[in-house]
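Peer 1:
In full-length UniProt numbering, the protein residues as written are 1 to 324.
Take a look at the structure:
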């Protein structure tokens, strides 16, 4: 490996080869006049290599992703054998403080990228990330979770027909790979337009810290870094227990009635068309309505709410696997 003499600059701060530095991105003040700062932890090897960005907490209530990146830092996995690893464990500190998905202006940060220097608070922050951080990186892993009651099985989401992303997702290797098109205004879409290779990890649900999902996220990141020859020699790679399942298409099964939700089908289960996944009941013992699988497929998300309303999403099921 070749040594590097190139200093890396983020927000006007230089990080020399072999150094680790925390750079603070100042975003705004609270109405209490308290300045909010986002720590960006930059760790560099003395050897040339790519730059990987690990982000979490884009939605401030998605705690499992925050814990994944925190543990990566705590374990020292962010010290690369070559190249640079940048960690932003908590992007949306506003949402984290308020235990909310959104910014104080009511906007979803993941729908305002690439942002604007003169836009809303969320838009201005997105603009800072895209202009001050993203130009320095080559790869992004962004950690997410489901909504407050919707628990996602561990999955990587990438856009279809991108062979390099396929290879990187294979290296990460979790329970499911879900092909999904980029959404306008999303962090993923904006990174893609700049040529950054982006993996979106989904697992668990909001306002919850799940140990098994955290382990999946950490092990996958280790395999990803090993693929890029960035994993420090002090760490070993644990191969996945099972082959990843590739999902081309999927759909939501929605509640046909309001009532109490009784779930019989855990995440990751393969079900057959017509199989009873759960039931919806009334409180009075008069109604028990089954929720039936519309097709053969894998359950990749389950609604863990006790009460649902008509039209609520209750299960996310695959409808087509790759090469079916």
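Glycine residues also receive a C-beta, built at the ideal position from the N, C-alpha and C atoms.
Compute the Euclidean distance between the alpha carbons of residue 59 and residue 205, then round it to the nearest angstrom.
Peer 2: Taking the first residue of the chain shown as position 1, residue 59 is located at position 59. Taking the first residue of the chain shown as position 1, residue 205 is located at position 205. Taking the straight line joining both Cα atoms gives about 11 Å.
Peer 1: Between 186, 244, 112, 153, which has its C-alpha nearest residue 322's C-alpha?
Peer 2: The residue you call residue 322 lines up with position 322 of the chain shown. Closest option to residue 322, Cα to Cα, is 244.
Peer 1: Per DSSP, which one or two residues make a beta bridge with residue 80?
Peer 2: For this step, residue 80 is matched to residue 80 along the chain shown. Its beta-bridge partners do not exist; DSSP assigns none.
Peer 1: Quick check: the Cα distance between residue 259 and residue 149, rounded to an integer number of angstroms?
Peer 2: Mapped onto the chain shown, residue 259 falls at position 259. Mapped onto the chain shown, residue 149 falls at position 149. When rounded, the distance between both Cα atoms is 15 Å.
Peer 1: Among residues of its own chain, excluding the 5 on either side of residue 319, which ones have a beta-carbon nearer than 7 Å to its beta-carbon?
Peer 2: The residue you call residue 319 lines up with position 319 of the chain shown. In the same chain as residue 319, and ignoring 5 residues on each side of it, the C-beta atoms closer than 7 Å to its own belong to 249, 250, 251, 295, 297, in chain order.
Peer 1: Taking its Cβ as the centre, do 16 or more other Cβ atoms sit within 10 Å of residue 169, making it buried, or is it exposed?
Peer 2: Along the chain shown, one-based indexing puts residue 169 at 169. Burial call: buried.
Peer 1: Below 8 Å on the Cβ atoms is my guess for residue 265 versus residue 278; work out the distance and round it to an integer in Å.
Peer 2: Counting from 1 along the chain shown, the entry for residue 265 is found at position 265. Counting from 1 along the chain shown, the entry for residue 278 is found at position 278. About 6 Å separates the beta carbons of residue 265 and residue 278, which is inside the 8 Å limit, making them a contact pair.
Peer 1: Can you name the start and end residues of the alpha helix (DSSP H) that residue 269 belongs to?
Peer 2: Start at 1 with the first residue of the chain shown, and residue 269 comes out as number 269. Residue 269 -> no alpha helix (DSSP H), and no H or E assigned at all.
Peer 1: Could you tell me how far apart the beta carbons of residue 82 and residue 43 are, in whole angstroms, since I believe they sit closer than 8 Å?
Peer 2: Your numbering for residue 82 matches position 82 in the chain shown. Your numbering for residue 43 matches position 43 in the chain shown. Actually they do not touch by this definition, with Cβ atoms about 12 Å apart.
Peer 1: Which term fits residue 315, buried or exposed, when burial requires 16 or more other beta carbons within 10 angstroms of its beta carbon?
Peer 2: Against the chain shown, residue 315 aligns to sequence position 315. The residue is buried, with at least 16 neighbouring Cβ atoms inside 10 Å.
Peer 1: Name the residue from 313, 85, 221, 273 whose alpha carbon lies nearest to the alpha carbon of residue 261.
Peer 2: One-based indexing of the chain shown puts residue 261 at position 261. If we check each option's Cα against that of residue 261, 313 comes out closest.
Peer 1: Is the beta carbon of residue 191 sitting closer than 8 Å to the one on residue 134?
Peer 2: Here the question's residue 191 lines up with position 191 in the chain shown. Here the question's residue 134 lines up with position 134 in the chain shown. Going by C-beta atoms, residue 191 is nearer than 8 Å to residue 134.
Peer 1: Can you have a look at residue 328 and say buried or exposed, based on whether 16 or more other CB atoms are within 10 angstroms of its CB?
Peer 2: Here the chain covers residues 1 to 324 and nothing more, so residue 328 does not appear.
Peer 1: Starting from residue 122 and walking both ways along the alpha helix (DSSP H), at which residues does that stretch end?
Peer 2: In the chain shown, counting from the first residue as 1, residue 122 sits at position 122. 121-132 is the extent of the alpha helix (DSSP H) around residue 122.
Peer 1: Is residue 165 helix, strand or coil when you go by DSSP?
Peer 2: Residue numbering aside, residue 165 sits at position 165 when the chain shown is read from its first letter. Of the three classes helix, strand and coil, the one that applies to residue 165 here is helix, per DSSP.
Peer 1: Using a threshold of 8 Å, state whether the C-beta atoms of residue 111 and residue 186 are closer than that.
Peer 2: By 1-based counting over the chain shown, the position of residue 111 is 111. By 1-based counting over the chain shown, the position of residue 186 is 186. It is a contact, given that the beta carbons lie within the stated cut-off.
Peer 1: Determine whether the beta carbon atoms of residue 62 and residue 122 lie at a separation below 8 Å.
Peer 2: Within the chain shown, the letter at position 62 stands for residue 62. Within the chain shown, the letter at position 122 stands for residue 122. For residue 62 and residue 122, no; Cβs fall outside 8 Å.
Peer 1: Hey, out of 203, 114, 47, whose CA is closest to residue 194's CA?
Peer 2: Your numbering for residue 194 matches position 194 in the chain shown. Of 203, 114, 47, the residue nearest in Cα terms is 114.
Peer 1: Taking all protein chains shown into account, do 16 or more other C-beta atoms lie within 10 angstroms of the C-beta of residue 237, making it buried, or fewer, making it exposed?
Peer 2: On the chain shown, position 237 is the one that residue 237 refers to. Classification of residue 237: exposed, given that the 10 Å Cβ count is below 16.
Peer 1: Excluding the five sequence neighbours on either side, which residues of its own chain have a C-beta within less than 7 Å of the C-beta of residue 68, listed in chain order?
Peer 2: The residue labelled residue 68 in the question sits at position 68 within the chain shown. Result list for residue 68: 56, 143, 214, 217, 218, in chain order.
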